[in-house]
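Colleague: Residue numbers (our numbering): 542 to 582. Let me give you the structure first, and then I'll get to my questions.
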């Protein structure tokens with residue numbers, strides 16, 4: 542949440558915003574996969 546607030550202080554180009562959100566989604570998905578793998582073992 543704090544990171545979001547910090548980012549909103551500056552204008553963000555739509556392309557950059559999309560790239561950042563994609564990166565966040567990827568890291569979230571990887572984290573979920575890692576947890577799932579731990580559980581399945």
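Ideal placement from N, C-alpha and C gives every residue a C-beta, glycine not left out. From a predicted model like this one, the values you see are computed outputs, not experimental measurements.
Taking the alpha carbon of residue 545 as the point to measure from, which residue in 568, 561 and 578 has its own alpha carbon closest?
Modeller: The count along the chain shown starts at 1 and reaches residue 545 at position 4. Measuring from the Cα of residue 545, the nearest candidate turns out to be 561.
Colleague: With respect to the alpha helix (DSSP H) encompassing residue 551, which residues constitute its N-terminal and C-terminal limits?
Modeller: Residue 551 sits at position 10 when you count from the first residue of the chain shown. Segment: none, residue 551 is in no alpha helix (DSSP H) and carries neither H nor E.
Colleague: Roughly how many whole angstroms lie between the Cα atoms of residue 548 and residue 575?
Modeller: Numbered from 1 along the chain shown, position 7 holds the residue referred to as residue 548. Numbered from 1 along the chain shown, position 34 holds the residue referred to as residue 575. Taking the straight line from one Cα to the other gives about 28 Å.
Colleague: Using the C-alpha atoms, what's the distance from residue 552 back to residue 579?
Modeller: Stepping through the chain shown from its first residue, residue 579 is reached at position 38. Stepping through the chain shown from its first residue, residue 552 is reached at position 11. Distance between the alpha carbons of residue 579 and residue 552 is about 39 Å.
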